[in-house]
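In what follows, a single structure is set out as structure tokens and then discussed.
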Amino acid sequence: MQEFVHFLQHDVLARISPPLGALPDQIVLLGAILVGAAPIVAFMAVIAMAWTYGERRIAGFIQARYGPNRVGPEGVLQPLADGIKLLAKEDIAPAGADRPLYELAPLLVFVGALLPFVALPFSEKWVISSMAAGVFYVLAFEAIEVIGIIMAGWAPNSKWSLYGGMRLAAQMVAYEIPMGLCLLTVVALAGTLNLGQICQMQGGAFGVGNWMVWPWVSPFATLAFFMFFVGGLAATKRAPFDLPEAESELVAGFHTEYSGIRFAFFFMAEYAAMYVVCAVATVCFLGGWHGPFREWLAPAAGAPTISDLLGKAVQVKTADGAWFVWANLWGALSVLGKWAFWKPMLYELLGAFYLIAKSFFLLFVMVWMRWTLPRIRIDQVIYMCLKVLLPFSLLCVLGAAAQTVFTDWNLLHWLLSAGK
Amino acid sequence: MQTVWPLFVYLAAAAAVPAGMIMVSFVLGARHSDRATGEPYESGIVSTGSARLRFPIHFYLVAMFFVIFDLEAVFLFAWAVAVRELGWAGFAEALVFIGVLVAALAYLWRLGALDWGPKPFARLSHSRHKDS
Chain A
2 MQEFVHFLQH DVLARISPPL GALPDQIVLL GAILVGAAPI VAFMAVIAMA WTYGERRIAG
62 FIQARYGPNR VGPEGVLQPL ADGIKLLAKE DIAPAGADRP LYELAPLLVF VGALLPFVAL
122 PFSEKWVISS MAAGVFYVLA FEAIEVIGII MAGWAPNSKW SLYGGMRLAA QMVAYEIPMG
182 LCLLTVVALA GTLNLGQICQ MQGGAFGVGN WMVWPWVSPF ATLAFFMFFV GGLAATKRAP
242 FDLPEAESEL VAGFHTEYSG IRFAFFFMAE YAAMYVVCAV ATVCFLGGWH GPFREWLAPA
302 AGAPTISDLL GKAVQVKTAD GAWFVWANLW GALSVLGKWA FWKPMLYELL GAFYLIAKSF
362 FLLFVMVWMR WTLPRIRIDQ VIYMCLKVLL PFSLLCVLGA AAQTVFTDWN LLHWLLSAGK
Chain B
375 MQTVWPLFVY LAAAAAVPAG MIMVSFVLGA RHSDRATGEP YESGIVSTGS ARLRFPIHFY
435 LVAMFFVIFD LEAVFLFAWA VAVRELGWAG FAEALVFIGV LVAALAYLWR LGALDWGPKP
495 FARLSHSRHK DS
């Protein structure tokens, strides 16, 4: 994104308004980041709201009852009503609480949930920062939540909170290992930590045949995908691993003592973390933005990019010392009327649609499982992690590495080439 | 290629949103103080003692396993990126490295450090003896 901001500043803005274009690079980038942060926060809020509603409606459907269906058509405004209600509620802290920790914990959890979105691609080019160590970054910042959870469990001086917090801390910390190793399987196959590049590799074969999850691409990645998803369920405390907030025994677990808006932060962070896990699984295993028919919109080799179009549209020469060049502004806006501008945009939009649709399908499976599987005990949770997932994920990493080192095995490629 | 400071700007922006929401809630929210307002919720039972309890050792063991095995994963990350370039020599080294850790895992397993809660199999064989 930094390159694009740099281009916009020096090749577009500088021609529309020379004094603005001459601002220091850092100032312009700062403005761009602040403008860019808004849609991400909004996206996270929309995901959280949509899924608080979606989860209750799906739960209602599965249990043969209505979900929320009173506020707005079919109840879609319910999360908005909940948000306003939570804003207007009292923010109580128990008398024996450790106040600084108590007040900081929800903030830390919320910010920790927002940070992975920086490296998460939404489409091929729509990514805030396509960092070289993307996988590592997302895993690292997912883990920040644990600190907030331990603080939230310990600070209110409430026994339910403490039990829930300790359980969740143990569970999240333990499942971090197999989750990391499962992603490592993909990294070993792809040879890069960049989420965008990992996704890029899964294109071709009509946009569906080269996904990492297919056994003909790598059977180890298939196994790793399912283990990653199970680990993701545990790390986001979803059923059957939801014992940190088991309402029948621990009231609400680590957020028992939180009310009002601070409670809402935990709630939003949970849904954001679920989305992050599902989006990472989608990008690494399910082909990310690849899907059928998208290749038809792919720009031809040598076709002008949006940057080229913009650069060409603002070529009116100006007198020195001009403050604002209207001709160049109209030129830049005229790009909006061109198919050459909308075609790559549609290409990206379709990619974003595929990525988000696949992630939402995984989210749906998470919700579905909650009403299907019974909750398990903490010793079973840890057993599952250390004695089942850990050895198998190590096996996956080694297998994938062996596949990369010793063969270039890809059954699909082999079958396709056999036909020729 | 890239600088780190935009990340911190984003961090500040991300922290400003909940801070703003808390301020709105501070203005809109109710405030009251009753006899039991400051008490922790314990399902209607009057709370006794502090919640600064001692916890079973297992939770701390899990934290230690995390340090051991996640550090392993960190080393493996560096290797996994370059698997193809390192070839069979790198693979053999990683095999030895993972082998040592699998041995450690097997040792912990035999030692019973991974066992939580009741031991179902031990109890089962004991009761069988009694019955027969």
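Sequences listed follow chains A and B, in order.
So for the first sequence, this note's numbering puts the first residue at 2; every next one is plus one.
So for the second sequence, this note's numbering puts the first residue at 375; every next one is plus one.
We treat Cβ as the ideally placed atom computed from N, Cα and C, and that holds for glycine.
task = Compare the beta carbon distance of A:K359 and A:L287 with 8 Å and say whether it is the shorter of the two.
result = As a working mapping, residue 359 of chain A is identified with position 358 in the first sequence. As a working mapping, residue 287 of chain A is identified with position 286 in the first sequence. Yes, they are a contact pair.
- Identify, in the order they occur along the chain, each residue of the same chain with its Cβ nearer than 6 Å to the Cβ of A:F365, setting aside the five sequence neighbours on each side. The count along the first sequence starts at 1 and reaches residue 365 of chain A at position 364. Contacts found: none.
Between A:T405 and chain B, is there a C-beta pair that is closer than 8 Å?
-> Position 404 of the first sequence, counted from the first residue, corresponds to residue 405 of chain A. Chain B, which has a Cβ nearer than 8 Å to the Cβ of A:T405, makes this yes.
Worksheet item: By how many angstroms is the C-alpha of A:K126 removed from the C-alpha of A:C200?
Response: Position 199 of the first sequence, counted from the start, is the residue given in the question as residue 200 of chain A. Position 125 of the first sequence, counted from the start, is the residue given in the question as residue 126 of chain A. Answer to the nearest angstrom: the Cα atoms are 12 Å apart.
Inset, instruction - Taking A:G233 as the reference, give the member of A:M370, A:R378, A:A265 with the closest Cα. - result: As a working mapping, residue 233 of chain A is identified with position 232 in the first sequence. Among A:M370, A:R378, A:A265, the Cα nearest to that of A:G233 belongs to A:M370.
Checklist entry - What three-state label does DSSP hand A:Q64 in the structure shown? => result In the first sequence, the residue the question calls residue 64 of chain A occupies position 63. Of the three classes helix, strand and coil, the one that applies to A:Q64 here is coil, per DSSP.
*What did DSSP end up calling B:H406 once you bin it into helix, strand or coil?*
For the purposes of this step, residue 406 of chain B is identified with residue 32 of the second sequence, where counting begins at 1. Here B:H406 sits in coil by DSSP.
Item checked: For B:S417, the three-state DSSP class (helix, strand or coil) -> Position 43 of the second sequence, counted from the start, is the residue given in the question as residue 417 of chain B. Coil, per DSSP.
Counting only beta-carbon atoms, is A:K421 nearer than 8 Å to chain B?
Reading the first sequence from its first residue, position 420 is the one you call residue 421 of chain A. Summary for A:K421: the model assigns pLDDT 48, below 50, so the residue's position carries little reliability; its value from the coordinates is reported in the next sentence. Answer no: the Cβ-Cβ gap between A:K421 and chain B never drops below 8 Å.
Report yes if the CB atom of A:C279 is closer than 8 Å to the CB atom of A:L184, and no otherwise. Against the first sequence, residue 279 of chain A aligns to sequence position 278. Against the first sequence, residue 184 of chain A aligns to sequence position 183. No, these two residues do not count as a Cβ contact at 8 Å.
Identify whether A:H291 lies in helix, strand or coil by the three-state DSSP scheme. Against the first sequence, residue 291 of chain A aligns to sequence position 290. A:H291 falls in the coil class under three-state DSSP.
Return yes when the Cβ of A:T306 is within less than 8 Å of the Cβ of A:M275, no when it is not.
-> Here residue 275 of chain A refers to the residue found at position 274 of the first sequence. Here residue 306 of chain A refers to the residue found at position 305 of the first sequence. Cβ atoms of A:M275 and A:T306: not closer than 8 Å.
Count the other C-beta atoms from every protein chain shown that fall within 10 angstroms of the C-beta of A:H291, then say buried if there are 16 or more, exposed otherwise. As a first step, residue 291 of chain A is located in the first sequence; it is residue number 290 there, counting from the start. Around the beta carbon of A:H291, 16 or more other beta carbons lie within 10 angstroms, which makes this residue buried.
A:L31 versus B:F465: straight-line alpha-carbon distance, rounded: In the first sequence, the residue the question calls residue 31 of chain A occupies position 30. In the second sequence, the residue the question calls residue 465 of chain B occupies position 91. Answer to the nearest angstrom: the Cα atoms are 44 Å apart.
### Task
For the segment 146-165 of chain A and the segment 298-312 of chain A, state whether three or more C-beta atom pairs, one from each stretch, are separated by less than 8 Å.
no
task: At 4 residues or longer, and completely inside the segment 308-359 of chain A: list those alpha helix (DSSP H) runs for me, N to C.
output: 327-335
How would you call A:P375, buried or exposed, if buried means at least 16 neighbouring beta carbons within 10 angstroms? Walking along the first sequence from the start, residue 375 of chain A turns up at place 374. Exposed: under 16 other Cβ atoms inside 10 Å.
Check whether the segment 80-94 of chain A and the segment 259-273 of chain A are in contact - that is, three or more C-beta pairs closer than 8 Å.
yes
inquiry  = Whole angstroms are fine: how far does the CA of A:N158 sit from the CA of A:V42?
reply    = Taking the first sequence and counting its residues from 1, the one referred to as residue 42 of chain A is at position 41. Taking the first sequence and counting its residues from 1, the one referred to as residue 158 of chain A is at position 157. Cα-Cα distance, rounded: 32 Å.
Original post:
Hey, A:V36 and A:T186: beta-carbon distance below 8 Å or not?
Top reply: In the first sequence, the residue the question calls residue 36 of chain A occupies position 35. In the first sequence, the residue the question calls residue 186 of chain A occupies position 185. Contact flag unset, no.
>> Buried or exposed for A:F242, going by 16 or more other Cβ atoms inside 10 Å?
In response: Here residue 242 of chain A refers to the residue found at position 241 when the first sequence is read from its first residue. Flag for A:F242 reads buried.
- Helix, strand or coil: how does DSSP classify A:P157 here? The sequence position of residue 157 of chain A within the first sequence is 156, counting from 1. Coil at A:P157, not helix or strand.
Out of A:W331, A:Y348, A:R57, A:P95, state which residue places its alpha-carbon closest to the alpha-carbon of B:S407. For the purposes of this step, residue 407 of chain B is taken as residue 33 along the second sequence, with counting starting at 1. Nearest C-alpha to B:S407: A:P95.
**Prompt:** Are the C-beta atoms of B:D408 and some chain A residue less than 8 Å apart?
**Reply:** What you label residue 408 of chain B is simply residue 34 of the second sequence in a count that begins at 1. No, because no Cβ of chain A sits closer than 8 Å to the Cβ of B:D408.
Margin query: For A:K86, report the span of its alpha helix (DSSP H) as first-last.
Written below: One-based indexing of the first sequence puts residue 86 of chain A at position 85. That run of the alpha helix (DSSP H) goes 79-88.
### Query
Shorter than 8 Å from the beta carbon of B:Y384 to some beta carbon of chain A?
Numbered from its first residue, the second sequence carries residue 384 of chain B at position 10. Yes, B:Y384 counts as interfacial toward chain A.
### Task
Round the Cβ separation of A:T53 and A:Y355 to the nearest angstrom and send it over; I've been treating them as touching at under 8 Å.
Looking up residue 53 of chain A in the first sequence gives position 52. Looking up residue 355 of chain A in the first sequence gives position 354. About 24 Å; that fails the 8 Å criterion.
Within chain A, the residues that B:L485 reaches when beta carbons sit closer than 9 Å: One-based indexing of the second sequence puts residue 485 of chain B at position 111. Under the 9 Å cutoff, chain A gives no residues; its nearest Cβ is about 13 Å from B:L485.
request  = Identify the continuous alpha helix (DSSP H) that holds B:H432 and give its terminal residues.
outcome  = Along the second sequence, read from residue 1 onward, the residue named residue 432 of chain B stands at position 58. 431-455 is the extent of the alpha helix (DSSP H) around B:H432.
task: Work out the CA separation of B:Y384 and A:P117 for me, nearest whole Å.
output: Taking the first residue of the first sequence as position 1, residue 117 of chain A is located at position 116. Taking the first residue of the second sequence as position 1, residue 384 of chain B is located at position 10. Taking the straight line joining both Cα atoms gives about 11 Å.
### is_contact[A:W177, chain B] using C-beta, thresh 8 Å
Here residue 177 of chain A refers to the residue found at position 176 when the first sequence is read from its first residue. For the sequence presented, residue 177 of chain A should be read as Glu rather than Trp. Yes - at least one Cβ of chain B is within 8 Å of the one on A:E177.
Less than 7 Å between C-beta atoms, sequence neighbours within five positions excluded: which residues of the same chain meet that for A:Y1? Since the displayed chain A opens at 2 and closes at 421, residue 1 of chain A lies outside it and no answer follows.
| query | Do three or more CB pairs link the segment 467-484 of chain B to the segment 200-212 of chain A at distances below 8 Å? | reply | no
Would you call A:G352 buried or exposed, if buried means 16 or more other Cβ atoms sit within 10 Å of its Cβ? Working through the first sequence from its first residue, we reach residue 352 of chain A at position 351. The residue is buried, with at least 16 neighbouring Cβ atoms inside 10 Å.
Any Cβ of chain B within less than 8 Å of the Cβ of A:I34?
-> For this step, residue 34 of chain A is matched to residue 33 along the first sequence. The beta-carbon of A:I34 is placed less than 8 Å from the nearest beta-carbon of chain B.
Item checked: Three-way DSSP call (helix, strand, coil) for A:K126 in this model -> The residue labelled residue 126 of chain A in the question sits at position 125 within the first sequence. It is coil, neither helix nor strand.
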